[in-house]
Amino acid sequence: MPNLIALIDCDNFYASCERVFDPSLKNKPVVVLSNNDGCIVARSQEVKDLGIKMGSPYFKEKALLARHNAAVFSSNYELYGDMSERVMATLRTLYSDVETYSIDEAFVKIPDVSNIEELCSQTVSKVKKWTGIPVKVGVSITKTLAKVAAETVKQRKLKDRYFVIKDIAHKDDILSRFAVGDVWGIGRATSAKLAKIAVKSALDLTRLDDSDIKRQFGIVLLRTAWELRGNPCLDMELDPEPQKNLCYSRSFSHTITKFEELKESIIAYASSAAEKLRARRLIASSLTVFINTSYFDSTAPTYANSTTVSLPYEANSTKLIVNSAVDALSKIYRKGYNYKKSGIILNDLTSEELQQPSLFDYKNPKDDKISAVMDLINKKYGKGSIRLAGSGFDNDWKMSRNHLSKRYTSDWNELLDIKP
0 MPNLIALIDC DNFYASCERV FDPSLKNKPV VVLSNNDGCI VARSQEVKDL
50 GIKMGSPYFK EKALLARHNA AVFSSNYELY GDMSERVMAT LRTLYSDVET
100 YSIDEAFVKI PDVSNIEELC SQTVSKVKKW TGIPVKVGVS ITKTLAKVAA
150 ETVKQRKLKD RYFVIKDIAH KDDILSRFAV GDVWGIGRAT SAKLAKIAVK
200 SALDLTRLDD SDIKRQFGIV LLRTAWELRG NPCLDMELDP EPQKNLCYSR
250 SFSHTITKFE ELKESIIAYA SSAAEKLRAR RLIASSLTVF INTSYFDSTA
300 PTYANSTTVS LPYEANSTKL IVNSAVDALS KIYRKGYNYK KSGIILNDLT
350 SEELQQPSLF DYKNPKDDKI SAVMDLINKK YGKGSIRLAG SGFDNDWKMS
400 RNHLSKRYTS DWNELLDIKP
């Protein structure tokens with residue numbers, strides 16, 4: 000048997016993170032909401048069983064959720080990000096090759112196939128014990144088949160929490176009962192188009208002629224068909240491409256009109272973006288600032304604009320990035336509009352180690368020292384403990400998160416209380 004690939008997939012990840020710190024939520028409907036508590040972006044299985052769809056507006060489902068005593072949470076990005084890192088760190092104690100695919104999924108290589116079931120069982124057990132997050136494991140010879148295997152765990156409600164597609168005969172049996180619309184990367188439009196030519200199962204797709212697939216659907220679906228046949232086309236991305244840009248933006252809890260309020264938001268976002276750059280040891284050479292009114296309010300005039308400015312030198316200094324961002328905002332701000340969103344994108348990112356010295360020495364060493372001290376204080380006492388005064392103090396425009404749980408793992412003031 001060739002080397003195998005496993006997909007480790009966290010169950011209902013956001014909801015599971017909330018349950019780790021509140022065991023009373025077990026077997027209770029749990030939903031997590033999007034920015035400004037607008038739409039449902041995560042559901043426990045109990046919520047799915049109620050027929051509530053992903054992306055459904057919260058206000059439409061509020062009464063139904065209340066009738067079933069559901070727990071409702073705002074998106075706690077700090078908690079979910081930290082819990083994801085803990086899951087990935089746990090996987091690295093079991094596997095040498097780990098590709099973090101998303102916040103709740105990872106692909107791993109299994110070079111030793113002699114104890115697959117034991118290793119899968121150990122993975123499920125260890126991640127649950129070390130992090131509290133339940134996972135399922137799908138194993139096969141390609142990434143796409145590993146995804147099929149993991150989905151099979153959910154569809155069959157397997158108690159062991161893992162499934163291995165072992166050989167060609169076994170694979171075809173599984174694919175014959177696997178809807179083509181459930182295959183990784185096949186969306187609704189493609190699925191509907193395939194149905195018109197009598198392709199309903201994943202096995203049906205594997206039996207199409209390659210030239211027909213490429214002509215009618217393109218090379219991406221052809222690669223999917225090859226992967227389903229057991230021919231690897233998608234390599235493990237153990238050394239992902241370096242990040243080229245970093246975006247930080249939010250929608251406001253209500254519309255704002257004044258330049259000073261927009262300025263506060265841009266300073267806050269630019270500060271956070273600069274802090275992220277330093278954490279990843281990256282520098283930027285330019286930045287883009289954008290603002291826009293609501294796309295859904297037909298009663299007010301609409302406006303959207305952006306501008307890109309070059310930094311005097313490649314940097315991750317908070318002061319430099321903030322000052323440049325505010326200058327950019329002043330160029331695109333227009334009076335008379337109800338603004339709903341603003342943001343900043345840091346462009347052309349490179350490693351700090353590759354920084355080119357400037358012919359003209361604009362750089363002030365004190366800027367980097369101030370940024371470093373801010374990072375140390377915020378790391379020790381919690382994000383936002385020290386920040387620029389220009390970002391404001393009473394930001395009622397900030398994103399609404401009225402159902403936010405505590406940042407149990409990343410803020411000293413919000414650690415879980417253990418009572419005897």
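At position 56 of the sequence shown (counting the first as 1) the number is 55 in numbering that gives the first Met the number 0, and the numbers step up by one without a gap.
No residue lacks a Cβ here, since even glycine has one placed at the ideal position from N, Cα and C.
When I115, D96, S329, I173 are compared, the shortest CA-CA separation from Y161 is found for I115. Per the C-alpha coordinates, the member of R279, S284, C246, H253 positioned closest to A267 is C246.
When beta bridges are read from the DSSP output, R42 appears opposite V30.
Annotation: G381 is outside any beta strand (DSSP E) and is labelled neither H nor E by DSSP. Within its own chain, the residues whose Cβ lies closer than 8 Å to the Cβ of V40, once the five positions on either side in sequence are excluded, are Y13, V31, L32, S33, M53, G54, S74, listed in chain order.
Residues of the same chain with a CB within less than 6 Å of the CB of L6, apart from the 5 flanking positions on each side, are F106, G137, A145, K146, A149 in chain order. In this structure, DSSP gives L6 an extended state, which the three-state scheme calls strand. By the Cβ neighbour-count rule, P311 is exposed, with fewer than 16 other Cβ atoms within 10 Å of its own. Under the Cβ criterion (8 Å, minimum of three pairs), the stretch 120-130 counts as touching the stretch 79-90. Here F258 is not bridged, per DSSP, to any residue.
Runs of the alpha helix (DSSP H) lying entirely within the stretch 232-312 and spanning at least 4 residues, in chain order: 258-278. In the three-state DSSP reduction, P22 falls in the helix class (H, G or I). In the DSSP assignment, K108 forms a beta bridge with I4. The beta carbon of L415 is closer than 7 Å to those of F20, Y407 in its chain, skipping five residues each way along the sequence. Proximity to K340 across I265, L387, K330 peaks at I265, based on C-alpha coordinates.
Its chain contains I185, S190, L193, V198, K199, S200, A201, D203, L204 as the residues whose beta carbon lies nearer than 7 Å to that of V179, once the 5 sequence neighbours on both sides are disregarded; these appear in chain order. Two segments are said to touch when three or more pairs of C-beta atoms, one from each, lie closer than 8 Å; by this definition the stretch 329-340 does not touch the stretch 366-383. Take S409, set aside five residues on each side of it, and the residues of its chain with a beta-carbon closer than 6 Å to its own are E77, D81, in chain order. For E98, the uninterrupted beta strand (DSSP E) run begins and ends at 97-101, by DSSP.
For K262, same chain residues with a beta-carbon under 8 Å away, outside a window of 5 residues either side, are V325, L328, G389 in chain order. Secondary structure at T205: helix, using DSSP grouped into helix, strand and coil. The C-alpha of G37 is placed about 24 Å away from the C-alpha of K257. In the DSSP annotation of this structure, the continuous segment of the alpha helix (DSSP H) that includes N322 starts and ends at 317-331. According to DSSP, K368 shares a beta bridge with no other residue.
Assignment of beta-bridge partners to F162 by DSSP yields G137. When the five nearest sequence neighbours on each side are left out, the beta carbons in the same chain lying within less than 6 Å of the beta carbon of A299 are those of N337, in order along the chain.
Residue environment: F295 is assigned as exposed (fewer than 16 neighbouring CB atoms within 10 Å of its CB, all protein chains considered). Here the stretch 60-72 does not lie against the stretch 272-283, with fewer than 3 beta-carbon pairs under 8 Å apart. Within a 10 Å sphere around the beta-carbon of S323 sit 16 or more other beta-carbons, which makes this residue buried. With 16 or more neighbouring CB atoms inside 10 Å of its own CB, A314 falls in the buried class. For K153, no beta strand (DSSP E) run applies; the uninterrupted alpha helix (DSSP H) run containing it begins and ends at 142-155, by DSSP. Secondary structure of Y338 (DSSP, three-state): strand. Listed in chain order, the non-local C-beta contacts of L207 below 6 Å within the same chain number zero, local neighbours out to five positions each way being set aside. Restricting attention to N291, L348, L221, the CA atom closest to the CA of T254 is found in N291. Here V71 has V30, H402 as same chain residues with Cβ atoms under 6 Å from its own Cβ, once five neighbours each way along the sequence are excluded.
Excluding sequence positions up to five before and after S384, its CB lies within less than 6 Å of the CB of I376, N377, all in the same chain and listed in chain order.
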